[in-house]
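Enquirer: This structure is in structure tokens; I'll ask about it shortly.
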Amino acid sequence: MPSVAAPVPVASSVPAGPLSDEVKAQVALGKKWSKSAVAAEQARRNRKGLTPFTDAEVAALLGEPAQAAPQAAPATAAAAPPSRPATSAAAVGNPVARSGESTTYVGTPAVGTSKAAAAGGVASVGPEDNSVNRSRRRLVWSCVVAFLAAWFLAFFRFFLPRTLFEPATSFKIGYPADYGLGVDTKWQQKYRIWVDRTPDRMFVIYARCTHLGCTPDWKPSENKFKCPCHGSGYDSEGINFEGPAPRPMDRAHVELAPDGQILVDVSKLYQWPKGQPSQFGEGDGTTGAWLRA
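Here this note's numbering is used: the first residue of the sequence shown is 959, the next is one more, and so on.
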């Protein structure tokens, strides 16, 4: 009578065992962990001094089937299939070695997972929010704000009037008694005029060369006006006598204001065109091209 062989357990690549509440909760969610995530979590537990995952917990997190119960061999030795040696986890290429429930998994977390593993959560892969990214964001926002500010300034500038502020053409220069004989240049910079007084009259010369419009200089030592541009010369009354100037310098309209001051109006000029009668004598001595001294 053939002898009955004892039950032979069939080896499985995944051991069975109790699961912790934490692992049960993760399994209940129906999400499978990657091997890199498991390795990162094991490394974190080692650093924190926590209990590492057991083989059964690792298998559950990876989504591998639990170990089957031992099966009995066939009743007769003749019918029993040849037994095969158990294949270890290392033989099938599993990179995680298992030697018992207290096996420690050592590995380097994937890029971007170290912070997640150290925080105690499931490791995730992605770019880290570092100072470089923050600096780039600040630069982009600065450029956007500067562009908007420039656009708004240009928009509001469109509604502002474009005006040129010119000096007044009519103004007072004091009383006749304030001026002595000769040429007074104190109003040259402000109003571009010279006040000229002779023994019998006063008049105002407009300081503009009749050649190309330059401002001549008064040369008291030579008693003449000299244009620095092309050398035109004028005597003390503004009459041209040398250089390319075609005619004497113009004279401004003058009159006595009600308060007795001299009122000058440079918008009205008197000329002596070449070959034509002079306008310098126009007026009655109280208004016109000259005043009675």
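Every residue, glycine too, gets a C-beta built ideally from N, C-alpha and C.
#1: Quick one: what's F1161 bridged to in DSSP?
#2: Could you check the C-alpha separation between P976 and V1016 for me, to the nearest Å?
#3: Would you call A1055 buried or exposed, if buried means 16 or more other Cβ atoms sit within 10 Å of its Cβ?
#4: Please report the straight-line C-alpha distance between R1096 and F1105, rounded to a whole angstrom.
#5: Please state the DSSP three-state secondary structure of W1176.
#6: Would R1155 and G1138 qualify as a contact pair, given that the criterion is a beta-carbon distance under 9 Å?
#7: For H1211, count neighbouring Cβ atoms within 10 angstroms of its own Cβ and tell me buried if that reaches 16, exposed if not.
#8: According to DSSP, is S1225 helix, strand or coil?
#9: If I measure Cβ to Cβ from K1177 and keep anything under 8 Å in the same chain, skipping five residues before and after, which residues do I get?
#10: Could you pull the start and end residues of the alpha helix (DSSP H) that Y1192 belongs to?
#11: State buried or exposed for S1179, treating a residue as buried only when at least 16 other CB atoms are found within 10 Å of its CB.
#12: In whole angstroms, what separates the C-alpha of D1142 from that of W1152?
#13: Please list, in chain order, all residues of the same chain as T1066 whose beta carbon is under 7 Å from its beta carbon, the five residues on each side excluded.
#14: Give the DSSP-derived three-state secondary structure of D1142 in the structure shown.
#15: Quick one: is T1127 buried, meaning 16 or more other Cβ sit within 10 Å of its Cβ, or exposed?
#16: Could you check the C-alpha separation between M1160 and A1112 for me, to the nearest Å?
#17: Would Y1133 and Q1219 be called neighbours here (beta carbons separated by less than 9 Å)?
#18: DSSP three-state call for R1209: helix, strand or coil?
#19: Which one or two residues does DSSP pair with T1127 in a beta bridge?
#20: Is the beta carbon of P1206 closer than 9 Å to that of G1191?
#21: Tell me the DSSP bridge mates of K1182?
#22: Determine the closest residue to T1012 out of G1021, Q1000, S1194, with distance taken between C-alpha atoms.
#23: Considering only the beta carbon of each residue, do A1203 and T1244 sit closer than 9 Å?
#24: So, at 7 Å on beta carbons, what are the nonlocal neighbours of W1230 in its own chain, with the 5 sequence-adjacent residues on each side left out?
#25: Using the C-alpha atoms, what's the distance from R1092 back to S1008?
Expert: Looking at the coordinates:
#1: Note: F1161 sits in a beta bridge opposite D1154.
#2: One C-alpha to the other measures close to 11 Å.
#3: Reliability fails at A1055, whose pLDDT of 44 lies under 50, so the model's placement of it is uncertain and the value that follows must be treated cautiously. Flag for A1055 reads exposed.
#4: Straight-line measurement puts the Cα of F1105 at about 14 Å from the Cα of R1096.
#5: Looking at W1176 - three-state DSSP - the assignment turns out to be strand.
#6: Yes, these two residues count as a Cβ contact at 9 Å.
#7: Result: buried.
#8: Strand.
#9: So the qualifying residues of the chain are F1183, K1184.
#10: Not the alpha helix (DSSP H): Y1192 falls in the beta strand (DSSP E), residues 1191–1193.
#11: Exposed.
#12: Going by the C-alpha atoms only, they are around 6 Å apart.
#13: Because the pLDDT of T1066 is 49, which lies under 50, any placement of that residue in the model is unreliable, and the number read from its coordinates should be weighed accordingly. Around T1066: no qualifying Cβ.
#14: The answer is strand: DSSP assigns D1142 an E or B state.
#15: Exposed: under 16 other Cβ atoms inside 10 Å.
#16: If I take the Cα positions, the gap works out to 52 Å.
#17: Contact: yes.
#18: Here DSSP, grouped into helix, strand and coil, assigns R1209 to strand.
#19: BP columns for T1127 are empty, so no partner.
#20: No, Cβ-Cβ distance for G1191 and P1206 is not below 9 Å.
#21: As computed with DSSP, K1182 is found in a beta bridge with K1177, D1193.
#22: Taking only the C-alpha atoms, the option nearest T1012 is Q1000.
#23: Going by beta carbons, A1203 and T1244 fall outside the 9 Å limit.
#24: Within the same chain, and ignoring the five residues on either side of W1230 in sequence, the residues whose Cβ sits closer than 7 Å to its Cβ are R1205, P1206, S1236, Q1237, F1238.
#25: Before going on, a small fix: residue 1008 reads as Leu here, not Ser. Roughly 35 Å between the two C-alpha positions.
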